[in-house]
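Residue numbers (numbering that gives the first Met the number 0): 0 to 464.
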Amino acid sequence: MSFSNLGLSDKVIAAVESAGYKNPTPIQEQAIPHVLSRRDVLGIAQTGTGKTAAFTLPMITMLEKGRARARMPRTLILEPTRELAAQVVENFEKYGKNHKLNVALIIGGVSFGDQDAKLVRGVDVLIATPGRLLDHSERGRLLLSGVELLVIDEADRMLDMGFIPDIERIGKLVPFTRQTLFFTATMPPEIQRIADNFLHNPVRVEVSKPATAASTITQLQIAVSRDSHDKRETLRRLLRSADNFKNAIIFCNRKSEVALLHKSLLKHKFSAVALHGDLDQSSRTAALDAFRSGEAKLLIASDVAARGLDIPAVSHVFNFDVPHHPDDYVHRIGRTGRAGLTGTSITLVAPLDVKSVAAIEKLTGQPIPQMAPTAPGGDDAPAETAVAPQADHGRGEHKPRERGRDRHRGERQPSTPVPPHREAGAEKNRPPQRAPKPQPQHDDGDADGSHLPAFLLRPVTVKAV
Ligand code: AMP
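Now the structure itself:
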């Protein structure tokens, strides 16, 4: 199946080709013809499946006919977070580059003077988070009675974030006759109820979860004690010895833990940024930009903050905490092993987490192999015996490897290939070499970062949030 068989306009197909996409993904192949024939669609798919293009491409095709009127958007896309909303705008810029579409973004944390001016000129596509949209509409600056097509994206995340009452209010402001596209990664009963309310005779399109589809992810678990010092120390050892490391997302269950771990990793001179709901918009954007550009190698995040974000090619995912919901595990590890690339996920499992792990294994149908426990002796232990991310699900033996870090402090011998520009940047920021001296054995030993591989060292430019 190619893009030209789906009913998309020539201009849209040309933009897709110049984006470098050869074939539609399963969700695109299944959803696009129905969207174009004006059917309501219930799409069960998560990020990484190409679902954004599954609605933006047919929307751009449909918007070629007709014109926008002042303060009356023709289409409305609701997103749970500002980052997701901004990502959808990027999609319209990419796929709509042969069109003259007016796209407006209404999200919290951004001044709405410019957006208001856009609304006055007439908007083809309005992308919004629910709360800010209602603000605008209640002030009379926006009329939703001209909306021909409504997209509700990441509906289950909207539920988690308490947006369902807002969504229901918005549902009363758009015409009854509009077309609705409703996307969700999971289908809990509350989401089923909302879907039944919003959709008229929908076509149901479902694509398999990345966890079951991506056999390119090596999943591992490692036993830890429940003590967070111990967990942080284990994590540091895993990071130092990770194979084929490019970058990693580290997930925590609570935002307080995200902040704590971030602080600790910075103290240990790791190149890390954090993302959680309590950060202001500019810190969130700065963190994401630093991670996307490769300036920061580690992103520490909570599930809510990270859901749906398009962060390409992550080599590693660490679950600092085992997620409470097995679905979240699937979302988390789906951040690696994308598009045929290999990836590794490592889950730290404390004794009380064993039940949660069993639930995950039941959901994915895949046992998560155990890694050998990390070597004892604090951060001075040779990291190379502690992790074997290439574990082939129990088929092979993990040989201890020389990883270029000597047991003795201050004698770092990088053997990991590091791109010259990173090496140079890292060297600049590394503290001066010190003569070996005895260090107190506590959690935060090695805080000078002198043992870190260069790719993990923190460049000074990354904002500590
Ligand atoms: P999404 O699931 O919408 O977050 O998309 C995930 C990633 O897949 C994005 O980086 C898209 O640019 C990319 N993508 C979307 N459609 C295709 C396609 N047909 N072929 C290859 N990559 C795609």
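Cβ coordinates follow ideal geometry from the N, Cα and C atoms, glycine included.
Through-space distance from residue j to residue i, alpha-carbon basis
i      : j      : result
Gln86  : Phe197 : 24 Å
Lys10  : Gln114 : 27 Å
Gly6   : Ala14  : 14 Å
Ser144 : Phe175 : 9 Å
Thr60  : Leu35  : 8 Å
Ala21  : Glu28  : The identity of residue 21 in the sequence shown is Lys, whereas the question assumes Ala. Cα-Cα distance, rounded: 12 Å.
Arg411 : Val348 : Confidence at Arg411 is low in this model, with a pLDDT of 31, below 50, so the placement of that residue should be treated as unreliable; the coordinate-derived value is given next. Cα to Cα, the separation comes out at about 30 Å.
Asp352 : Ala67  : 53 Å
Gly342 : Ser314 : 5 Å
Ile126 : Pro322 : 30 Å
Pro82  : Phe244 : In the sequence as displayed, the identity of residue 82 is Glu instead of Pro. Looking at the two C-alpha atoms, the distance is approximately 26 Å.
Gln178 : Lys64  : 16 Å
Contact test: residue i Cβ vs the ligand AMP heavy atom, cutoff 8 Å
i      : result
Ala271 : no
Asn465 : Residue 465 lies beyond the range of the chain shown here (0 to 464); nothing can be said about it.
Gln27  : yes
Gln86  : yes
Thr284 : no
Gln45  : yes
Ala67  : no
Ala52  : yes
Ala18  : yes
Simplified DSSP state of residue i, which is helix, strand or coil
i      : result
Gly42  : strand
Met157 : helix
Phe175 : coil
Asn246 : coil
Thr363 : helix
His261 : helix
Ser314 : coil
Ile126 : strand
Phe162 : coil
Val272 : strand
Gly19  : coil
Met58  : helix
Ser1   : coil
Unbroken alpha helix (DSSP H) run spanning residue i, endpoints
i      : result
Arg203 : Element bounds for Arg203: not the alpha helix (DSSP H) but the beta strand (DSSP E), Val202 to Glu205.
Gly112 : Gly112 to Arg120
Gly342 : Run containing Gly342: none in the alpha helix (DSSP H); it sits in the beta strand (DSSP E), Gly342 to Val348.
Leu132 : Pro129 to Glu137
Ser292 : Gln280 to Ser292
Ala103 : Premise fails: Ala103 lies in the beta strand (DSSP E), Val102 to Ile105, not in any alpha helix (DSSP H).
Ser240 : Ser227 to Ser240
Residue i CB to nearest heavy atom of the ligand FMN below 8 Å
i     : result
Gly49 : The ligand FMN is absent from the structure shown, which contains only the ligand AMP.
Start and end residues, beta strand (DSSP E) containing residue i
i      : result
Ile151 : Leu148 to Ile151
Gln218 : Ile216 to Ala222
CB contact check: residue i to chain C, cutoff 9 Å
i     : result
Thr51 : Among the chains of the structure shown, chain C does not appear; only one protein chain is present.
Practice item. Spell out a yes or no on whether the region 214-225 and the region 179-194 are touching, meaning 3 or more CB-CB pairs, one atom from each, closer than 8 Å. Key: Because the criterion of three Cβ pairs below 8 Å is not met, the region 214-225 and the region 179-194 do not touch.
Practice item. For the region 329-349 and the region 30-47, state whether three or more C-beta atom pairs, one from each stretch, are separated by less than 8 Å. Key: The region 329-349 and the region 30-47 touch, with no fewer than 3 CB-CB distances between them shorter than 8 Å.
Review point. Touch check for the region 310-322 and the region 283-302: three-plus C-beta pairs under 8 Å?
Key: yes
Review point. Counting Cβ pairs, one atom from each stretch, are 3 or more of them under 8 Å apart for the region 74-89 and the region 119-136?
Key: Touching, yes, given that three or more Cβ pairs across the two stretches are closer than 8 Å.
Exercise for review: Kindly confirm or deny that the region 96-111 and the region 277-286 touch, where touching means at least three C-beta pairs closer than 8 Å.
Suggested key: yes
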